[in-house]
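Below is one structure; the comments refer to it alone.
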Ligand code: G6P
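Rendered as structure tokens:
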């Protein structure tokens with residue numbers, strides 16, 4: 001999704017902005033650009049449709065040099081991807097603005113500005129804001145004040161950054177509904193929609209809050225809140241290192257992130273387990289007070305995070321004995337929701353900035369829930385800040401658009417939450433099942449490592465898929481969401497149409513599609529439902545379907561004509577959804593590589609969907 005970078009420094013900032021844009025490429029975009037107040041005090045820009053490399057090419061042909069600038073990667077919402085629609089947008093060739101999000105009242109504002117004589121050169125909602133700030137600046141003579149007044153007229157969500165030729169020493173930026181951080185340097189300041197964009201210049205960040213507006217100069221950053229009052233926001237130190245943004249020896253970020261899973265699962269468990277139980281401090285003391293009051297759980301998320309929520313439902317109902325509902329945020333937020341008393345509202349999000357999930361949380365805070373808990377991977381994110389409680393995953397920055405390590409660490413954290421809920425409701429000091437699961441969790445990093453050794457065998461399987469147009473994924477019980485996640489991964493990065501079904505539903509429709517051209521992938525750990533799953537697989541074989549089964553050796557599923565079987569290490573059936581995710585990730589990765597798609601940045605998709 002759209003990305004913002006801005007800089008004010010004594011040195012030339014063109015390279016810093018360009019590097020920042022490259023670091024934001026992973027979010028998904030379709031055009032890019034930057035604007036600089038150059039050494040002659042003139043506002044200049046270079047923009048291009050397509051990749052940041054195109055902007056770089058233009059800069060090689062016509063270099064720019066200056067100490068103040070803004071840059072942007074655009075993911076089209078209003079107006080097609082084109083150079084004219086790419087940001088920065090200018091007003092009267094003296095003001096430049098970049099914007100993430102959507103301005104909902106852009107049409108009346110556009111008419112009003114056209115009537116005032118402003119000529120529009122793009123189809124974007126952003127250009128409206130550029131002209132509006134310019135118009136107000138003409139009256140106010142102060143850039144910060146002009147932006148502040150403009151924001152009062154805007155409806156919708158935004159993060160934006162503005163520069164003006166008359167003020168070569170200042171960068172004004174603001175956020176409401178889309179993330180924005182200030183990077184604090186020595187005698188220089190930066191802003192970006194994601195701290196990753198600035199790690200090459202600073203590791204100190206100020207996370208702006210909803211409605212904040214900041215003015216950045218070489219030595220100072222002034223923040224005012226939505227009410228217009230000056231506020232101090234804390235400076236945080238980045239603690240994830242810079243190597244997360246590098247691919248290292250891996251061909252793609254996605255492959256690197258798949259192989260990081262044993263380590264990040266271990267990191268997510270670290271300090272949270274004793275020998276026989278989940279430590280009470282794992283979720284914080286406030287959680288320990290809240291969890292015994294919980295009578296029901298409502299989980300909300302989008303995309304891959306939603307699948308993590310679906311697995312958690314099986315766990316929470318089975319292990320904690322509490323009713324649990326799971327829904328995608330974009331549906332939940334527009335439904336007439338009936339809230340039952342003492343329901344805990346849980347959001348799951350890698351980024352903590354997904355617009356629909358955030359909107360759902362904001363609604364929930366007014367709807368009578370017992371409290372809210374975010375399972376999230378980004379500490380300073382909006383979701384974490386706005387929730388009562390948070391349970392952090394320790395996946396480190398995830399760059400590949402298709403989520404991998406964020407998902408398995410979410411599952412790990414959700415199992416900890418489930419066990420904490422279980423303990424809060426079944427107050428026995430000694431809980432044999434909890435002790436068994438704690439032991440199994442401790443073994444999970446090692447088992448994940450072993451499972452990833454199937455890589456070469458899965459790469460071979462992938463060859464069967466490269467020419468296929470469809471695929472069907474089957475699972476039962478808590479493996480059904482894993483089948484859904486497998487299908488999502490395959491369609492996201494290889495563009496093969498894939499669907500997931502609970503295997504018991506096969507004969508109610510999808511069996512009609514099964515033939516030799518429809519590979520069927522099944523996840524078959526050893527659990528209560530495996531014998532039923534085996535019967536479902538027979539139904540596929542009887543119709544000439546090609547089966548690919550990931551199975552526990554004790555299921556006695558063995559390769560035979562029409563059925564390829566890969567065995568995973570033996571794992572506790574409760575934890576099987578985490579382990580069985582890994583081969584499905586590797587399968588979609590290798591199919592995508594064979595098909596030559598853009599694995600880390602699949603077409604039309606964005607890493608963090610910060611617009612509705
Ligand atoms: C986008 C990403 C997915 C992700 C989903 C939810 O669609 O491409 O990988 O699962 O957003 O994102 P979140 O950051 O809220 O987990």
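In the UniProt record's numbering, the protein residues as written are 1 to 612.
Here a beta-carbon is modelled for each residue, glycine too, at the ideal position from N, C-alpha and C.
- Message: From the DSSP secondary-structure annotation, give me the bridge partner or partners of residue 545.
- Response: For the purposes of this step, residue 545 is taken as residue 545 along the chain shown, with counting starting at 1. The partner list for residue 545 (beta bridge, DSSP) is empty, contrary to what the question assumes.
- Taking only heavy atoms of ligand 1 into account, decide whether any of them is closer than 7 Å to the Cβ of residue 412. In the chain shown, residue 412 corresponds to position 412, counting from 1. Residue 412 Cβ: outside cutoff for every heavy atom of ligand 1.
- Message: Going by DSSP, what residue range makes up the beta strand (DSSP E) through residue 44?
- Response: What you label residue 44 is simply residue 44 of the chain shown in a count that begins at 1. Counting along the chain, the beta strand (DSSP E) containing residue 44 begins and ends at 43 to 49.
- Query: Between which two residues does the alpha helix (DSSP H) carrying residue 99 extend?
  - Reply: Within the chain shown, residue 99 is the residue found at index 99, counting from 1. Not the alpha helix (DSSP H): residue 99 falls in the beta strand (DSSP E), residues 95 to 103.
- Sequence-distant residues of its chain with Cβ nearer than 7 Å to residue 64 (five each side left out): Taking the first residue of the chain shown as position 1, residue 64 is located at position 64. Closer than 7 Å at the Cβ level, and outside the excluded window around residue 64, lie 14, 36, 38, 44, 46.
- Report yes if the C-beta distance between residue 5 and residue 192 is below 8 Å; otherwise report no. Taking the chain shown and counting its residues from 1, one reaches residue 5 at position 5. Taking the chain shown and counting its residues from 1, one reaches residue 192 at position 192. Their beta carbons are under 8 Å apart, which means residue 5 touches residue 192 by this criterion.
- Message: Quick check: residue 520 and residue 504, are their CB atoms within less than 8 Å of each other?
- Response: Locating residue 520 in the chain shown gives position 520, counting from the first residue. Locating residue 504 in the chain shown gives position 504, counting from the first residue. No; because the gap between Cβ atoms is not below 8 Å, this pair is not in contact.
- Alpha-carbon to alpha-carbon, residue 201 and residue 603: For the purposes of this step, residue 603 is identified with residue 603 of the chain shown, where counting begins at 1. For the purposes of this step, residue 201 is identified with residue 201 of the chain shown, where counting begins at 1. Cα-Cα distance, rounded: 30 Å.
- Item | CB of residue 498 within 8 Å of CB of residue 490, strictly | Residue 498 sits at position 498 when you count from the first residue of the chain shown. Residue 490 sits at position 490 when you count from the first residue of the chain shown. Yes, these two residues count as a Cβ contact at 8 Å.
- Message: With H, G and I counted as helix, E and B as strand and the rest as coil, what does DSSP make of residue 27?
- Response: The count along the chain shown starts at 1 and reaches residue 27 at position 27. Correct three-state label for residue 27: helix.
- Query: Since residue 52 is in the alpha helix (DSSP H), which residue starts that stretch and which ends it?
  - Reply: Position 52 of the chain shown, counted from the first residue, corresponds to residue 52. Residue 52 -> alpha helix (DSSP H) spans 52 to 61.
- Could you check which residue in 417, 488, 486 has the C-alpha nearest to that of residue 279? Counting from 1 along the chain shown, the entry for residue 279 is found at position 279. Measuring from the Cα of residue 279, the nearest candidate turns out to be 417.
- Task: Starting from residue 270, trace the alpha helix (DSSP H) both ways and give me its first and last residue.
- Result: As a position in the chain shown, residue 270 is number 270, starting the count at 1. Where residue 270 is concerned, there is no enclosing alpha helix (DSSP H), given that its DSSP letter is neither H nor E.
- Query: Using the C-alpha atoms, what's the distance from residue 341 back to residue 368?
  - Reply: As a working note, residue 368 is residue 368 in the chain shown. As a working note, residue 341 is residue 341 in the chain shown. Distance between the alpha carbons of residue 368 and residue 341 is about 8 Å.
- Assign residue 265 to one of two classes, buried (16 or more other C-beta atoms within 10 Å of its C-beta) or exposed (fewer than that). Position 265 of the chain shown holds residue 265. Buried, since its Cβ has 16 or more Cβ neighbours within 10 Å.
- Query: From residue 231 to residue 223, what distance separates their C-alpha atoms?
  - Reply: For the purposes of this step, residue 231 is taken as the residue at position 231 of the chain shown. For the purposes of this step, residue 223 is taken as the residue at position 223 of the chain shown. For residue 231 and residue 223, the distance between alpha carbons rounds to 6 Å.
- Item | residue 302 Cβ short of 7 Å to ligand 1 heavy atom set | Counting from 1 along the chain shown, the entry for residue 302 is found at position 302. Flag set: Cβ of residue 302 near ligand 1.
- Message: Taking the beta strand (DSSP E) that residue 373 belongs to, which residues open and close that run?
- Response: Residue mapping note: residue 373 aligns to position 373 of the chain shown, counting from 1. Here the beta strand (DSSP E) through residue 373 covers 371 to 376.
- Buried or exposed for residue 155, please, with buried defined as at least 16 other CB atoms from any protein chain shown within 10 angstroms of its CB. Position 155 of the chain shown, counted from the start, is the residue given in the question as residue 155. Per the 10 Å Cβ criterion, exposed.
- Query: From what residue to what residue does the alpha helix (DSSP H) around residue 176 run?
  - Reply: What you label residue 176 is simply residue 176 of the chain shown in a count that begins at 1. Unbroken run through residue 176 is the beta strand (DSSP E), 171 to 176; no alpha helix (DSSP H).
- Please list the segments of the alpha helix (DSSP H) lying wholly inside the segment 511 to 578, counting only runs of 4 or more residues, in order along the chain. 530 to 542
- Which residue's Cα is closest to the Cα of residue 375: 399, 402, 121, 298? Here the question's residue 375 lines up with position 375 in the chain shown. Out of 399, 402, 121, 298, 298 has the C-alpha closest to the C-alpha of residue 375.
- Message: Ignoring anything shorter than 3 residues, give me the beta strand (DSSP E) runs that lie fully in the segment 168 to 225, in order along the chain.
- Response: 171 to 176, 181 to 184, 189 to 192, 204 to 207, 213 to 216, 221 to 224
- Any heavy atom of ligand 1 closer than 7 Å to the CB of residue 346? Here residue 346 refers to the residue found at position 346 when the chain shown is read from its first residue. Residue 346 Cβ: outside cutoff for every heavy atom of ligand 1.
- Query: Would DSSP call residue 481 helix, strand or coil?
  - Reply: In the chain shown, residue 481 corresponds to position 481, counting from 1. Looking at residue 481 - three-state DSSP - the assignment turns out to be helix.
- Query: Leaving out the 5 sequence neighbours to the left and right, which residues in its chain are closer than 8 Å to residue 614 when beta-carbon positions are compared?
  - Reply: Look at the range of the chain in this structure, 1 to 612, and you will see that residue 614 is not part of it.
- Query: Leaving out five residues before and five after residue 292 in sequence, what residues of the same chain have Cβ atoms less than 8 Å from its Cβ?
  - Reply: For the purposes of this step, residue 292 is taken as residue 292 along the chain shown, with counting starting at 1. Answer for residue 292: 424, 425, listed in chain order.
- Message: Taking 8 Å as the limit between beta carbons, can you name the residues of its chain near residue 458, skipping five residues before and five after?
- Response: Translated into the one-based positions of the chain shown, residue 458 becomes position 458. So the list reads 566, 583, 586, 587, 590, once near-sequence residues are dropped.
- Residue closest to residue 326, alpha-carbon to alpha-carbon, out of 338, 308, 334: In the chain shown, residue 326 corresponds to position 326, counting from 1. Comparing Cα-Cα distances from residue 326 to each of 338, 308, 334, the minimum goes to 308.
- Item | residue 609 beta carbon near ligand 1 (any heavy atom closer than 7 Å) | Along the chain shown, one-based indexing puts residue 609 at 609. Answer for residue 609: yes, Cβ within range of ligand 1.
- Message: Using only CA atoms, which one of 451, 422, 203, 381 lies nearest to residue 577?
- Response: Counted from its first residue, the chain shown places residue 577 at position 577. Ranking the options by Cα distance to residue 577, first place goes to 451.
- Query: Is residue 599 helix, strand or coil when you go by DSSP?
  - Reply: Here residue 599 corresponds to residue number 599 of the chain shown, with the count starting at 1. Correct three-state label for residue 599: coil.
- Item | Neighbourhood of residue 31 by C-beta, 6 Å cutoff - its chain only, sequence neighbours within 5 removed | Position 31 of the chain shown, counted from the start, is the residue given in the question as residue 31. Contacts found: 49, 74, 81, 86.
- Could you give the distance in angstroms between the alpha-carbon of residue 539 and the alpha-carbon of residue 526? Numbered from 1 along the chain shown, position 539 holds the residue referred to as residue 539. Numbered from 1 along the chain shown, position 526 holds the residue referred to as residue 526. Cα to Cα, residue 539 sits roughly 20 Å from residue 526.
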